[in-house]
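Protein chains in written order, with my numbering: chain H, 1 to 341; chain R, 1 to 341.
Glycine included, each C-beta is placed from N, C-alpha and C at the ideal position.
Please read the structure below before turning to the comments.
Protein chains: 2
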Amino acid sequence: MTATPVRVAHVGLGAIGREVVRLELRRTDVELAAVCDIDPDLIGADLGTVLGLDGISGTVDAQIVAGLADAGLDAAVGDLVVTHTTSSSLARCLPELLAAVERGAHVVSSCEELSYPWVQAPEESARLDAAARAAGVAVVGTGVNPGFAMDYLPVVLSGATKRVDAVRVHRVQDAGQRREPLQAKVGAGITTDEFARRVAAGSMGHVGLTESAQAVAAALGWDPADTTETIDPVLAETPTPSAFGTIEPGRVAGIDQVAVVRADGVERVRLHLQMAVGIGPSQDDVWLTGEPDLHLIVPGGLHGDLATAAALVNTVGSIRHAEPGLRVMSELRPPRPAPTR
Amino acid sequence: MTATPVRVAHVGLGAIGREVVRLELRRTDVELAAVCDIDPDLIGADLGTVLGLDGISGTVDAQIVAGLADAGLDAAVGDLVVTHTTSSSLARCLPELLAAVERGAHVVSSCEELSYPWVQAPEESARLDAAARAAGVAVVGTGVNPGFAMDYLPVVLSGATKRVDAVRVHRVQDAGQRREPLQAKVGAGITTDEFARRVAAGSMGHVGLTESAQAVAAALGWDPADTTETIDPVLAETPTPSAFGTIEPGRVAGIDQVAVVRADGVERVRLHLQMAVGIGPSQDDVWLTGEPDLHLIVPGGLHGDLATAAALVNTVGSIRHAEPGLRVMSELRPPRPAPTR
């Protein structure tokens with residue numbers, strides 16, 4: 001049952017990235033070869049200190065190319081998997097992804113826009129796909145959402161149906177149970193005017209919902225091009241405690257976001273995400289309409305941050321079996337954990 | 001979104017097999033090239049008559065080799081997928097599986113013992129694996145159970161966890177909602193003595209539960225060798241209507257079957273299957289103990305017969321992307337349906 005551990009280099013030491021590295025250090029199926037970040041305050045820092053762990057040796061490397069060289073990448077194409085957590089923006093990640101791929105590393109990234117980039121970023125997608133194919137490696141964007149709860153899970157469930165006519169997912173996350181940055185991200189405590197201003201500026205809302213909807217559509221044979229997305233505030237109805245103090249009634253408690261894919265004018269995919277302080281209970285629901293209809297429930301919901309770190313590390317084993325190129329999760333064998341040390 | 005349909009030859013025209021062929025005729029992602037059975041009464045019969053469908057041309061072929069030749073198999077290795085529904089017994093299926101594989105066809109079979117044959121049938125497994133690798137094709141055993149509800153689904157769910165310590169699945173199927181052969185299979189209406197006699201003779205119970213438990217264990221890094229299975233009767237408590245008349249209290253209404261895998265003395269996997277007339281409501285529950293704990297519910301449960309036919313046809317697309325050899329479902333990308341005609 002024991003296989004040779006997979007060598008991994010990690011890039012990006014934000015909150016999720018540190019969680020990924022902590023997990024990689026514990027897992028028996030991976031061997032951490034290098035850890036990289038671009039932050040000058042982190043470069044050369046003691047890894048144990050950065051992670052808040054005792055008994056860890058090593059320092060943080062300067063940037064991705066140096067880190068990969070340290071990892072002895074040149075040994076064999078596909079011998080190294082880069083786990084990558086630097087940005088939600090594909091445009092910002094692209095140079096890093098290309099650097100890894102061109103050196104012969106598979107990449108598993110938390111970049112939300114990478115989870116299904118073909119519609120929003122066709123040129124970047126084609127460029128990354130070509131580079132990965134040329135290098136004989138695979139690249140995928142994943143996490144819990146996008147990457148699992150609202151896309152991979154409904155596609156998996158569809159495997160038990162003869163025909164699917166429509167997919168609907170409802171994910172409720174009580175942001176009050178989540179870390180402070182998530183509460184800030186969903187606008188906890190701001191006014192409806194400020195909410196509207198941020199939506200107009202494109203800085204409000206969960207990144208990746210459109211990508212999830214398109215990933216589901218494409219996996220089930222529907223053209224994902226016609227996708228619409230809406231973002232509305234969830235308002236506090238009573239005084240609601242949050243990481244930023246009490247949210248008064250009428251102020252924003254979080255977001256209510258919907259992405260819909262229509263193909264030939266027929267609604268095929270509807271993903272509804274509610275993340276707000278005090279909105280609980282958290283839960284994931286998947287409904288398939290078809291032959292037969294199916295309903296799947298995850299009471300309590302899949303945990304956002306924890307499951308994203310898990311999904312990334314669990315996909316390390318899957319990406320090595322993927323066909324070369326830019327992949328989407330539904331093209332990968334199921335990620336799964338391995339025993340920890 | 002449209003790809004070239006995959007050519008398929010189907011072998012075995014029992015109830016599930018006919019359902020598979022009916023689905024293949026409707027699906028846009030497959031093109032049915034041949035249908036085979038060994039029953040002398042079926043060979044040469046009009047396919048539309050056998051299936052109870054109008055507007056279908058073609059006849060039933062004599063046996064697998066002839067059927068494959070009809071399908072023009074020699075064109076290219078891996079160009080044809082055989083869907084196969086002849087027996088639960090790997091020993092009985094093996095010659096058919098080898099014949100298909102050796103002619104360069106991928107195989108998706110409903111043979112329950114094929115879903116994870118490595119522990120119970122190591123020699124047959126190694127032989128089939130070697131033949132498939134030599135031919136450059138893949139073989140897998142699947143269906144809804146084994147193949148999905150109690151094995152693939154928990155493995156998929158584990159992808160959202162950092163660590164799994166134990167897996168527990170409880171599947172309740174109200175046999176009263178299922179076809180007559182299923183009610184007969186679970187012993188509806190027989191005495192407890194007769195039940196015990198059939199258990200002792202090895203002719204009672206659901207085939208594949210041990211294989212499902214071992215598939216889960218292996219996918220999560222636990223040695224599947226130490227597996228135990230028990231079968232007990234579910235007794236009718238009140239007069240219960242069935243396909244065979246009323247089941248009197250104290251008579252058998254169905255089965256209560258448990259498979260457990262222990263690794264290093266620790267219980268890791270516990271699959272509990274209850275199939276009985278009047279036992280409803282049907283439901284599938286999956287619990288993972290780990291980091292974090294997770295619970296997944298499919299209210300109403302995944303439909304046995306319907307979902308098995310679906311799972312087989314849906315896996316046609318996945319098997320073509322699998323690595324050559326004898327595969328288990330957790331090594332395959334998620335099966336999914338395609339639009340129907």
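Does DSSP classify M1/R as helix, strand or coil?
Residue numbering aside, residue 1/R sits at position 1 when the second sequence is read from its first letter. Below a pLDDT of 50, predicted positions are generally treated as unreliable, and M1/R, at 44, falls in that range; the measurement from the model is reported next regardless. Correct three-state label for M1/R: coil.
Taking A338/H and G221/R to be in contact with their CB atoms under 8 angstroms, please state how far apart those CB atoms are, rounded to whole angstroms.
For the purposes of this step, residue 338/H is taken as the residue at position 338 of the first sequence. For the purposes of this step, residue 221/R is taken as the residue at position 221 of the second sequence. The pair is a contact, with the Cβ atoms about 5 angstroms apart (cut-off 8 angstroms).
For L312/H and A132/H, believed in contact at Cβ under 8 angstroms, the rounded distance:
In the first sequence, counting from the first residue as 1, residue 132/H sits at position 132. In the first sequence, counting from the first residue as 1, residue 312/H sits at position 312. Not quite, the Cβ-Cβ distance comes to about 18 angstroms (not below 8 angstroms), so this is no contact.
Using 8 angstroms for Cβ pairs, my map puts V199/R next to G205/R. What's the rounded Cβ distance?
Numbered from its first residue, the second sequence carries residue 199/R at position 199. Numbered from its first residue, the second sequence carries residue 205/R at position 205. Under the criterion of beta carbons closer than 8 angstroms, V199/R and G205/R qualify as touching, at roughly 7 angstroms.
Nearer than 7 angstroms: is that true of the beta carbon of D79/H relative to any heavy atom of the ligand FAD?
Absence of the ligand FAD from the depicted structure is noted, as is the absence of any ligand whatsoever, leaving it without description.
V155/H at chain R interface by Cβ criterion, 8 angstroms:
Translated into positions along the first sequence, residue 155/H becomes position 155. With 8 angstroms as the cut-off, V155/H counts as an interface residue toward chain R.
Pick from S87/R, V81/R and S115/R: whose alpha carbon is nearest that of A100/R?
Residue numbering aside, residue 100/R sits at position 100 when the second sequence is read from its first letter. With distances taken between Cα atoms, A100/R lies closest to V81/R.
With 8 angstroms set as the bound, which would you pick, yes or no: does the beta-carbon of H170/H sit closer than that to a beta-carbon of chain R?
The count along the first sequence starts at 1 and reaches residue 170/H at position 170. Not one chain R Cβ lies under 8 angstroms of H170/H.
Closer than 7 angstroms at the beta carbon, the chain H residues around P324/R
For the purposes of this step, residue 324/R is identified with residue 324 of the second sequence, where counting begins at 1. Going along chain H, no residue has its Cβ under 7 angstroms from P324/R, so there is no contact; the nearest lies around 12 angstroms.
Between D293/H and R103/H, what straight-line distance do the alpha-carbon atoms span, to the nearest angstrom?
Along the first sequence, read from residue 1 onward, the residue named residue 293/H stands at position 293. Along the first sequence, read from residue 1 onward, the residue named residue 103/H stands at position 103. Each residue's alpha carbon lies about 46 angstroms from the other.
Just to confirm my understanding: we take V261/R, look at its own chain, exclude 5 residues before and 5 after, and list those with CB closer than 7 angstroms. What are they?
Indexing the second sequence from 1 puts residue 261/R at position 261. Correct list, in chain order: A213, Q214, A217, W222, P224, D226, T227, R268 and V269.
Residues of its chain near L296/R, where Cβ-Cβ distance is below 6 angstroms and the 5 sequence neighbours each way are ignored
Taking the first residue of the second sequence as position 1, residue 296/R is located at position 296. Excluding positions up to five away in sequence, the list reads L157 and V286.
Anything in the segment 136-156 of chain R with a Cβ closer than 8 angstroms to a Cβ of chain H? List those residues in chain order, please.
V144, F148, A149, Y152, L153, V155 and V156
Cβ-Cβ distance between E237/R and A259/R below 8 angstroms
Your numbering for residue 237/R matches position 237 in the second sequence. Your numbering for residue 259/R matches position 259 in the second sequence. No; because the gap between Cβ atoms is not below 8 angstroms, this pair is not in contact.
Buried versus exposed call for G355/R [16 or more other C-beta atoms within 10 Å across all chains shown]:
For chain R, the structure presents residues 1 to 341; residue 355/R sits outside this window and is missing.
Buried or exposed (CB count within 10 angstroms, at least 16 for buried), S203/H
Numbered from its first residue, the first sequence carries residue 203/H at position 203. Using a 10 angstroms sphere on the CB of S203/H, the tally of other CB atoms stays under 16, which defines it as exposed.
Would you say E112/R and A121/R are within 8 angstroms of each other, going by their C-beta atoms?
On the second sequence, position 112 is the one that residue 112/R refers to. On the second sequence, position 121 is the one that residue 121/R refers to. Not a contact, by the Cβ cut-off of 8 angstroms.
Does the CB of P339/H have a neighbour CB from chain R at under 8 angstroms?
Counted from its first residue, the first sequence places residue 339/H at position 339. At a cut-off of 8 angstroms, the C-beta of P339/H has a neighbouring C-beta in chain R.
With burial defined as no fewer than 16 other Cβ atoms inside 10 Å of the residue's Cβ, what is the status of D29/H: buried or exposed?
Counted from its first residue, the first sequence places residue 29/H at position 29. So D29/H counts as buried.
Listing by chain order, which chain H residues have their CB less than 7 angstroms from the CB of A159/R?
The residue you call residue 159/R lines up with position 159 of the second sequence. Reading off the sequence, residue 159/R comes out as Gly, not Ala. The contacting residues are F148, A311, N314, P334, P335 and R336.
Checking contacts by CB at 8 angstroms: is P40/R closer than that to chain H?
Here residue 40/R refers to the residue found at position 40 when the second sequence is read from its first residue. Closer than 8 angstroms: no.
8 angstroms Cβ cutoff, L23/R in contact with chain H:
Your numbering for residue 23/R matches position 23 in the second sequence. Yes, because at least one Cβ of chain H sits closer than 8 angstroms to the Cβ of L23/R.
Cβ atoms of L273/R and V167/R: under 8 angstroms apart, would you say?
Within the second sequence, numbered from 1, the residue matching residue 167/R stands at position 167. Within the second sequence, numbered from 1, the residue matching residue 273/R stands at position 273. No. Outside cutoff.
Whole-number beta carbon distance between I190/H and V252/H, since they are thought to touch under 8 angstroms:
Reading the first sequence from its first residue, position 252 is the one you call residue 252/H. Reading the first sequence from its first residue, position 190 is the one you call residue 190/H. That pair is a contact at about 5 angstroms.
How long is the line joining the alpha carbons of Y152/H and L97/R, rounded to whole angstroms?
On the first sequence, position 152 is the one that residue 152/H refers to. On the second sequence, position 97 is the one that residue 97/R refers to. Roughly 31 angstroms between the two C-alpha positions.
Can you tell me whether DSSP reads I43/H as helix, strand or coil?
Your numbering for residue 43/H matches position 43 in the first sequence. Residue state, collapsed to three classes: coil.
Compare the beta carbon distance of S162/R and A310/H with 8 angstroms and say whether it is the shorter of the two.
Within the second sequence, residue 162/R is the residue found at index 162, counting from 1. Within the first sequence, residue 310/H is the residue found at index 310, counting from 1. The question names Ser, but residue 162/R in the sequence shown is Lys. Cβ distance < 8 angstroms, so K162/R and A310/H count as in contact.
So V108/H and H84/H are supposed to be a Cβ contact under 8 angstroms. How far apart are they, rounded?
In the first sequence, counting from the first residue as 1, residue 108/H sits at position 108. In the first sequence, counting from the first residue as 1, residue 84/H sits at position 84. That belief holds up - the Cβ atoms of V108/H and H84/H are roughly 7 angstroms apart, short of 8 angstroms.
Tell me the residue span of the beta strand (DSSP E) that contains E331/R.
As a working note, residue 331/R is residue 331 in the second sequence. No beta strand (DSSP E) contains E331/R, which DSSP labels as neither H nor E.
Is the shortest distance between the beta-carbon of S88/H and the beta-carbons of chain R less than 8 angstroms?
Mapped onto the first sequence, residue 88/H falls at position 88. No, its Cβ sits nowhere closer than 8 angstroms to a Cβ of chain R.
Cutting at 6 angstroms between CB atoms, please list the residues of its own chain near M275/R, excluding the five before and the five after it.
Within the second sequence, the letter at position 275 stands for residue 275/R. Cβ neighbours of M275/R beyond the five flanking positions: Q173, A175, V186, G254 and I255.
Taking a Cβ distance cut-off of 9 angstroms, strictly less, list which residues of the segment 206-236 of chain R are near chain H, in chain order.
A217, A218, A219, L220, G221, W222, D223 and P224
Sequence ranges, beta strand (DSSP E) only - wholly within the segment 145-202 of chain H, length at least 3:
163-174
Could you check what DSSP says for T228/H in three-state terms: helix, strand or coil?
In the first sequence, the residue the question calls residue 228/H occupies position 228. Of the three classes helix, strand and coil, the one that applies to T228/H here is strand, per DSSP.
Going straight from the alpha carbon of D193/R to that of R171/R, what length do you get?
If you number the second sequence from 1, residue 193/R lands on position 193. If you number the second sequence from 1, residue 171/R lands on position 171. Taking the straight line joining both Cα atoms gives about 25 angstroms.
Kindly indicate which residue of L32/R, D264/R, G136/R and F195/R has the alpha-carbon position closest to the one of H321/R.
Counting from 1 along the second sequence, the entry for residue 321/R is found at position 321. Residue G136/R is the option with its Cα nearest to H321/R.
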